[in-house]
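Participant:
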Amino acid sequence: MKHFTITLLATVLAALHALPAHAAITVRDDDGNAVTVARPAQRILALAPHITELLFAAGGGDKIAGVVSYSDYPEAAKKIAQVGDNRQYDMERIIAMKPDLIVVWMHGSAERQIAMLRQLKVPIYHSEPKKLADIPNNIERLGQLMGTEKVAAPAAAQLRAKLASLSAQYAQRPPVRLFYQVWDKPLYTISGASIISDAMRICGGQNVFAAMKIVAPVVTQEGVLQENPEAIFATSEKSDSDSEGGLAMWRAFPSLSAVRSNNLFRLNGDLLNRAGPRMVDGAAAMCEKLELARQHRTTPAANPAAKAVK
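Here the sequence shown stands for residues 1 to 310, numbered as in this note's numbering.
Rendered as structure tokens:
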């Protein structure tokens, strides 16, 4: 009997050792691809600034092995090793890091770079948020891949609550036609396919170039004048938040509705141009500016030349 018990125990222990320490984890990324890791990811490459922010929000900041240029938020991200930028990855350094998960932004990366990453046979997750609701979804899925669901789930829930509050407050307000100026030379804007257009929609704004087929098209000054937007938005870096930048050129057209109504607005580009958790705060700032534009419909502009930039 004793011999039988020992034999049975040995068999059970052998079976337990044969089982993997963790069950494989599979999620769908933003492009619908199945992404599977054998165990929670521990050495992750975040190959876009917004991805770095998503991983930190999901509780995985300490699991990021490498980032790309401009990955400067949160503060701890500045201390993480860089592996290049969206134009050129340092493949030797990437290989040396032995990542077990790579998170990429397809729209912001060269195809040849992505092809080189695929040769590494490491799981690749595509983070391509197209709507604000995709941001908390990304946080949850990345949390699953890292085994940090206890942090990711409440973080995602908090963002969803903020989005629901913004939508309830502003989405049904009288619409404001607006032009979003990404860059002035050349004059870049965004189409309805951009996540920024979704922020506009939640705020009750209407993108005058929503029908453009390219996500970030180049437009002409004449085209903007023809659309005659009621508000114009541009973004600034933190170090340039008080500068008029490319908005100043619109002052030459006093009959333009946005100028006449005193609706030239600047927003923090780090918030609105990165599809990370802080974009919800950027959307809230846009909503406030659009509400100000609605107020200007009944309040005559006192001195457009002096007050146009907010």
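Ideal Cβ placement from N, Cα and C applies to all residues, glycine included.
If we count Cβ pairs, one from each stretch, closer than 8 Å, do we get three or more for the segment 57-72 versus the segment 23-35?
Facilitator: No contact exists between the segment 57-72 and the segment 23-35.
Participant: Going by the beta-carbon positions, is the gap between Ser-261 and Glu-227 smaller than 8 Å?
Facilitator: Their beta carbons are not under 8 Å apart, which means Ser-261 does not touch Glu-227 by this criterion.
Participant: What number of angstroms, rounded off, separates the C-alpha of Val-280 from the C-alpha of Arg-93?
Facilitator: The straight-line gap from Cα to Cα measures roughly 34 Å.
Participant: With 16 as the cutoff for other CB atoms within 10 Å, does Thr-148 come out buried or exposed?
Facilitator: Buried: at least 16 other Cβ atoms inside 10 Å.
Participant: What are the start and end residues of each continuous beta strand (DSSP E) run of 3 or more residues lying completely inside the segment 240-276, in chain order?
Facilitator: DSSP runs (the beta strand (DSSP E)) wholly in the segment 240-276: 264-268.
Participant: When DSSP labels each residue in this structure, what does Phe-209 get in the three-state scheme?
Facilitator: It is coil, neither helix nor strand.
Participant: Can you round the beta-carbon distance between Leu-55 and Ile-64 to whole angstroms, since I take them to be within the 8 Å contact cut?
Facilitator: The Cβ separation is near 6 Å, so the contact holds.
Participant: Helix, strand or coil for Tyr-125 per DSSP?
Facilitator: Note: Tyr-125 maps to strand in three-state DSSP.
Participant: Which one of Met-200, Ala-193, Phe-233 and Val-208 has the shortest CA to CA distance from Val-215?
Facilitator: Comparing Cα-Cα distances from Val-215 to each of Met-200, Ala-193, Phe-233 and Val-208, the minimum goes to Ala-193.
Participant: Alpha carbon to alpha carbon, how far is Ile-232 from Phe-209? Give it in angstroms, no decimals.
Facilitator: Cα to Cα, the separation comes out at about 12 Å.
Participant: Since Pro-123 contacts Arg-43 with CB under 8 Å, what's their CB separation in whole angstroms?
Facilitator: Not a contact, Cβ separation roughly 12 Å.
Participant: Decide if Arg-118 is buried, meaning its Cβ has at least 16 other Cβ atoms within 10 Å, or exposed.
Facilitator: Arg-118 is exposed by the Cβ-count criterion.
Participant: Would you list the residues sitting across from Ile-94 in a DSSP beta bridge?
Facilitator: Looking at the DSSP assignment, Ile-94 forms no beta bridge with any residue, so it has no partner.
Participant: Considering only DSSP beta bridges, list what Phe-233 is partnered with.
Facilitator: Paired residue(s): Tyr-180 and Phe-265.
Participant: Taking its Cβ as the centre, do 16 or more other Cβ atoms sit within 10 Å of Lys-78, making it buried, or is it exposed?
Facilitator: The residue in question, Lys-78, is exposed, as its Cβ has fewer than 16 Cβ neighbours within 10 Å.
Participant: Bridge partners of Gln-82, per DSSP?
Facilitator: BP columns for Gln-82 point to Val-67.
Participant: Report yes if the CB atom of Tyr-180 is closer than 8 Å to the CB atom of Asn-207, and no otherwise.
Facilitator: Yes, the pair counts as a contact, with Cβ atoms nearer than the cut-off.
Participant: Return the Cβ separation of Leu-159 and Pro-136 in integer angstroms, given the expectation that the two are a contact with Cβ distance under 8 Å.
Facilitator: With a Cβ gap of about 4 Å, Leu-159 and Pro-136 count as contacting.
Participant: If you drop the 5 nearest sequence neighbours on each side, which residues of the same chain put their C-beta closer than 7 Å to that of Ala-234?
Facilitator: Same-chain partners within the cutoff: Gln-181, Gly-245, Gly-246, Leu-247 and Arg-266.
Participant: What did DSSP end up calling Tyr-170 once you bin it into helix, strand or coil?
Facilitator: Helix at Tyr-170.
Participant: Nearest-angstrom Cα distance between Ser-239 and Gly-223?
Facilitator: Any reading at Ser-239 is ruled out, since the residue's pLDDT is 42, under 50, leaving its predicted position unreliable.
Participant: Tell me the rounded alpha-carbon separation between Leu-145 and Leu-101.
Facilitator: Distance between the alpha carbons of Leu-145 and Leu-101 is about 9 Å.
Participant: Between the alpha carbons of Thr-298 and Asp-184, how many angstroms are there, rounded?
Facilitator: Spanning the two alpha carbons is a distance of roughly 30 Å.
Participant: So, helix, strand or coil for Val-219, using DSSP?
Facilitator: Val-219: coil per DSSP, three-state reduction.
Participant: What three-state label does DSSP hand Leu-101 in the structure shown?
Facilitator: Correct three-state label for Leu-101: strand.
Participant: Nearest to Ala-164 by alpha carbon, out of Val-151, Ala-133 and Leu-187?
Facilitator: Measuring from the Cα of Ala-164, the nearest candidate turns out to be Ala-133.
Participant: When you compare each of Leu-264, Met-97 and Leu-142 to Leu-292 by their alpha carbons, which one comes out closest?
Facilitator: Comparing Cα-Cα distances from Leu-292 to each of Leu-264, Met-97 and Leu-142, the minimum goes to Leu-264.
Participant: What would DSSP say about Gln-152, mapped onto helix, strand or coil?
Facilitator: Reading off the sequence shown, one finds Ala at residue 152, where the question assumed Gln. Ala-152 falls in the helix class under three-state DSSP.
Participant: Grouping DSSP H, G and I as helix and E and B as strand, with all else coil, what is Leu-120?
Facilitator: It is coil, neither helix nor strand.
Participant: Can Leu-166 and Ala-275 be called in contact, C-beta distance under 8 Å?
Facilitator: No, the Cβ-Cβ distance between Leu-166 and Ala-275 is not below 8 Å.
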